[in-house]
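Q: Read in order, the letters of the sequence shown correspond to residues 1 to 636 in UniProt numbering.
Even glycine gets a Cβ: it sits at the ideal position worked out from N, Cα and C.
As the structure is a prediction and not an experimental result, all values here were calculated from the model.
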Amino acid sequence: MRAYHAEHQRSIEQPNAFWKEQAKRIPWFRLPETILSHDEQNHARWYDDGEMNTCYVALDHHVESGRGEQPAIHWDSPVAGQRRTLTYREMRDDVARFAGALASLGVGKGDRVVIYMPMVPEALIAMYACARLGAVHSVVFGGFAAHELAVRIDDAEPRVVIAASCGIEVDRILPYKPILDQALAQSHHQPTACIILQRDQARAELGDRDHDWQGLVSSAEMVDCVSVRGTDPLYILYTSGTTGKPKGVVRDNGGHAVALHYSMDRIYGMKPGEVFFSASDVGWVVGHSYIVYAPLIYGCTTVIYEGKPVKTPDAGSFWRLISEYRVKAFFTAPTAFRAIKKEDPDGVLLKNYDISCLRTLFLAGERLDPPTFHWLDDLLKVPVIDHWWQTETGWPIAANLQGLDPMPVKAGSATVPVPGFDVQILDRSGEPAAPGEQGSVVIQEPMPPGCLAGIWRAPKRFHGAYMAAFPGYYLTGDAGYIDQDGYLFVMGRTDDVINVAGHRLSTGEMEEVVGSHTAVAECAVIGIHDDLRGQVPLGLVIPKDGFDGDIDMLERELVSLVRDKIGAVASFKQVLVVSRLPKTRSGKILRKLLRTIADGEEFAMPSTIDDPASLQDVQETMVHRNVGDAHKARLS
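(1) Using 8 Å as the cut-off, can you tell me whether the segment 57 to 73 makes contact with the segment 133 to 148, which would need three or more C-beta pairs spanning the two stretches below that distance?
(2) Counting only beta-carbon separations shorter than 8 Å, does Arg112 have a partner in chain D?
(3) I think Ile196 touches Lys177, with their Cβ atoms under 8 Å apart; what is that distance to the nearest whole Å?
(4) Measure the C-alpha to C-alpha separation of Val490 and Pro334 and round it to an integer number of angstroms.
(5) Using alpha carbons as the reference points, say which of Gly477, His463, Ile455, Gln402 lies closest to Ile425.
(6) If the criterion is Cβ atoms closer than 8 Å, does the pair Glu509 and Ile455 meet it?
(7) In this structure, does DSSP put Cys357 in helix, strand or coil?
(8) For Gln484, which beta-bridge partners are listed by DSSP?
(9) How would you write the range of the alpha helix (DSSP H) that Leu36 sits in, first residue to last?
(10) Buried or exposed, going by whether 16 or more other CB atoms sit within 10 Å of the CB of Lys460?
(11) Which of helix, strand or coil does DSSP assign to Ala150?
(12) Grab the span of the alpha helix (DSSP H) containing Lys5 for me, first residue to last.
(13) Helix, strand or coil for Gln182, going by three-state DSSP, please let me know.
(14) Among the residues of its own chain, which have a CB less than 7 Å from the CB of Gly241, if the five just before and after it don't count?
(15) Just the Cα atoms here: how many angstroms apart are His261 and Ala17?
(16) Between which two residues does the beta strand (DSSP E) holding Arg112 run?
(17) Ignoring anything shorter than 3 residues or poking outside the segment 363 to 388, list the beta strand (DSSP E) runs there in chain order.
(18) Would you mind reading off the limits of the beta strand (DSSP E) that contains residue 641?
(19) I'd like the span of the beta strand (DSSP E) that includes Pro71, first residue to last.
(20) What did DSSP end up calling Tyr298 once you bin it into helix, strand or coil?
(21) DSSP on Val310, reduced to helix/strand/coil?
(22) Quick one: what does DSSP say Gly241 is sitting in, helix, strand or coil?
(23) Among Val382, Ile297, Lys341, Thr239, which one has its Cα closest to the Cα of Thr584?
(24) What does Lys20 pair with, by DSSP beta-bridge criteria?
(25) Since Gly248 sits in a beta bridge, which residues does DSSP pair it with?
(26) Comparing alpha-carbon positions, which option in Ala453, Val562, Lys544, Ala468 lies nearest Val513?
(27) Who are the near neighbours of Val442 in its chain, counting only those whose CB is closer than 7 Å to its CB and skipping five residues on each side?
(28) Specify, as a first and last residue, the run of the beta strand (DSSP E) that Ser138 falls within.
(29) Would you check if there are 3 or more beta carbon pairs closer than 8 Å linking the segment 308 to 318 to the segment 255 to 275?
(30) Quick one: what does DSSP say Gly534 is sitting in, helix, strand or coil?
(31) Closest to Ile340 by C-alpha separation, out of Asp564, Pro309, Leu216, would be which residue?
(32) Cβ of Val500 within 8 Å of Cβ of Gly534?
(33) When you measure from the CB of Thr360 to every non-hydrogen atom of the ligand GDP, does any distance come out below 7 Å?
(34) Could you tell me which residues DSSP puts in a beta bridge with Phe421?
(35) Does the distance from the C-beta atom of Pro370 to that of Ala433 stay below 8 Å?
(36) Helix, strand or coil for Ile528, going by three-state DSSP, please let me know.
Given below as structure tokens:
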């Protein structure tokens, strides 16, 4: 670990020198001289006097450097029955022309553009076109409800909204235009124009301010990249807030490009020209960072997948994509592989594909539970790398750095802090925790390049949400510990640490134990109210496909397993077997919502929920089994 320690130590002790070197690895119109500065609240800003353009870094520069005929993107859509490949030259030209179309509608530097698109190449073209003009894009996950889209339109105040006529799900076509029309009917702010990409599966009827994508582009002129400062905003990405109002995370141009370029080298161990596949969506931060921007900034080929890990057509879809596009590094969320493991527990479908090209598998988005890690490790025979980061940071906080100093893997650990991130564990009084002792995971300022520059039009909210709890530190909201070897273990959100009769216990640790049972495909453990103990844990379990054992026996075995591994102090006495768990579209289990229902409180249906019926199923199971006050919970 000597190479890692030397690089990490230098990044913390000499951040100006370290990040000045990294900045030289991307093309600037004017190389920055001021590397680290601070805003009015004393938070870090990077490359303030540098001049650049993210679209130029990712497209024009590579074409000029001889990479023009290399594939930039492979689009693969089993739900649409279509595929398409665009070279760097084709991508640059399409982006330059669409940027001209936006400019013809009055979009310029600093203007906002909301993008409401499925996983199609045009989503990336729209994002890069905004960057080319110096405009600020805000991508809203395709299919979000009208109210949620309206809230984001009112906050971002876009000059133009770009949408597709529809999205394509596994079992249905979802028209987007009616949702957009409803959102605009609800929103106070009104864009001057909307651009609609017509898809044959459900063509939209256009109104007075609507423009057909193809028609607009056919008469547009190609435009050049606009120079922006390193600290100028590139995009706003909304993440859910505890107050119910989404937080618009702002990402800058310069620090973002430098950090993502660094990460492709040091974290993912990629080489320019290789294929990188991230199975996410452009509506999430993973899609922004590792589908849209990082692979092209670094000169790789990116895969855009409009499909699911299962049922498009089966649980072998990822293996097909890796094989056909010769993917070197694959990145997705653990929940995707739990779905695959549920349908194909022995990995039989893998035998149909040659994935010898795959060098590394990366997982993030939620904690990689050890049972899933071991299943993948046994199945693939390549490094399975858990790494940890957030929408707010935009790139990994902790990882096993494949391009610098690969380390032995520890199941359940995201390995070590990435250079630039000074990660520490603080107890409730703000004092450093001892090795192995759980506490709040924080990052000492200055935050490295690429992290959020603030909350859109809400500087006080930014400081209050992230910086006020422990002055001088960014509060991640996660609980965890660092062991004697310096490995970081993130155990879950701080509100997933429950207090059972005065004992603080991690539900993540209990999930590890429950998930280790051979019959369990997926599980969640939540803390619910108890008059005697304050809180007690409740287990929710999905059995593997084909499980035909006794449900009561399985529940008793799981209770016994937790008692044996953690002890009676856990007071783990109730398990519910369910058919599905409510999740966000990005695959995160809605644990906080499950606690709310179990405690009999009023709840709102989250905009991010993937399958609303799953919530009703779990609540009915809770009521049937007399869990807490679930019978009192009502949808607001």
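A: On the basis of the data shown:
(1) Contact annotation: the segment 57 to 73 does not touch the segment 133 to 148, with fewer than three C-beta pairs closer than 8 Å.
(2) Absent here is chain D; the protein component of the structure consists of one chain.
(3) Confirmed, Cβ separation roughly 6 Å.
(4) One C-alpha to the other measures close to 14 Å.
(5) Selected option, being the one with the closest Cα: Gly477.
(6) No; because the gap between Cβ atoms is not below 8 Å, this pair is not in contact.
(7) Cys357 falls in the coil class under three-state DSSP.
(8) Per DSSP, none; premise fails for Gln484.
(9) Counted as a single uninterrupted DSSP element, the stretch harbouring Leu36 is not any alpha helix (DSSP H) but the beta strand (DSSP E) occupying residues 36 to 38.
(10) Flag for Lys460 reads exposed.
(11) Looking at Ala150 - three-state DSSP - the assignment turns out to be helix.
(12) Per the sequence presented here, residue 5 reads as His, with Lys not at that position. Looking at the DSSP string, the run of the alpha helix (DSSP H) that includes His5 is 2 to 13.
(13) Three-state DSSP puts Gln182 in a helix.
(14) Because Gly241 sits at a pLDDT of 48, beneath the cut-off of 50, its placement in the model cannot be relied upon, and the following sentence gives the value as read from the coordinates. If we look at Gly241 and ignore the five residues flanking it on each side, its Cβ neighbours are Lys247.
(15) A direct Cα-Cα distance of roughly 17 Å separates His261 from Ala17.
(16) Boundaries of the beta strand (DSSP E) around Arg112: 112 to 116.
(17) Here the runs fully enclosed are 384 to 386.
(18) Nothing can be reported for residue 641: it is not among the residues displayed for the chain, which extend from 1 to 636.
(19) Start and end: 71 to 77.
(20) Reduced to three states, the DSSP call for Tyr298 is helix.
(21) Correct three-state label for Val310: coil.
(22) Per-residue confidence for Gly241 stands at a pLDDT of 48, beneath the threshold of 50, marking its modelled position as unreliable; the derived number appears in the next sentence. Coil, per DSSP.
(23) Comparing Cα-Cα distances from Thr584 to each of Val382, Ile297, Lys341, Thr239, the minimum goes to Thr239.
(24) None, per the DSSP bridge assignment.
(25) Tyr238, per the DSSP bridge assignment.
(26) Residue Val562 is the option with its Cα nearest to Val513.
(27) Cβ neighbours of Val442 beyond the five flanking positions: Gln424, Leu426, Phe470, Tyr473, Tyr474, Leu475, Thr476.
(28) Taken as a continuous stretch (DSSP letters only), the beta strand (DSSP E) holding Ser138 covers 136 to 139.
(29) With a cut-off of 8 Å, the segment 255 to 275 and the segment 308 to 318 do not count as touching, because too few Cβ pairs lie within range.
(30) In the structure shown, Gly534 adopts extended strand secondary structure according to DSSP, grouped into three states.
(31) Considering only Asp564, Pro309, Leu216, the residue with the shortest C-alpha distance to Ile340 is Pro309.
(32) Their beta carbons are under 8 Å apart, which means Val500 touches Gly534 by this criterion.
(33) Of ligands this structure carries none, so the ligand GDP is not represented either.
(34) Its beta-bridge partners do not exist; DSSP assigns none.
(35) Not a contact, by the Cβ cut-off of 8 Å.
(36) In the structure shown, the three-state DSSP call for Ile528 is strand.
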